[in-house]
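Each remark here refers to the structure printed beneath this line.
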Amino acid sequence: MKKLGLALLMGFFLAGCGTAAKESEFWDHDTMYKNWDHLRYSWYGYKNPSPETGKESREQGWWGKPMEVNADKLKDTTP
55 MKKLGLALLM
65 GFFLAGCGTA
75 AKESEFWDHD
85 TMYKNWDHLR
95 YSWYGYKNPS
105 PETGKESREQ
115 GWWGKPMEVN
125 ADKLKDTTP
């Protein structure tokens, strides 16, 4: 009985992980970083972003597909 419960739990866990990976489009990319500049920024430059790194990110397409956002639906995070 315990083995059956464990097998079911493991099955649900793996199904959930597969669904999450599919929804995130993780498998649509052959690498995690767009290029070496993106890797360097992600590892070291994120603490001190500059206008130059912003320009590089736009020109090289680091951040994936742009999305339309309705500003009225954003949460207010100001204290």
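Number 61 in the numbering used here belongs to position 7 of the sequence shown; there are no gaps in the numbering. All C-beta atoms in this analysis are idealised placements derived from N, C-alpha and C, irrespective of residue type, glycine included.
Residues near residue i in its chain [Cβ-Cβ closer than 8 Å; skip 5 each side]
{"i": "residue 96", "result": "87"}
{"i": "residue 110", "result": "91, 95 and 116"}
Residue i and residue j closer than 8 Å at C-beta
{"i": "residue 130", "j": "residue 114", "result": "no"}
{"i": "residue 99", "j": "residue 107", "result": "yes"}
Residues of its chain near residue i, where Cβ-Cβ distance is below 7 Å and the 5 sequence neighbours each way are ignored
{"i": "residue 89", "result": "114"}
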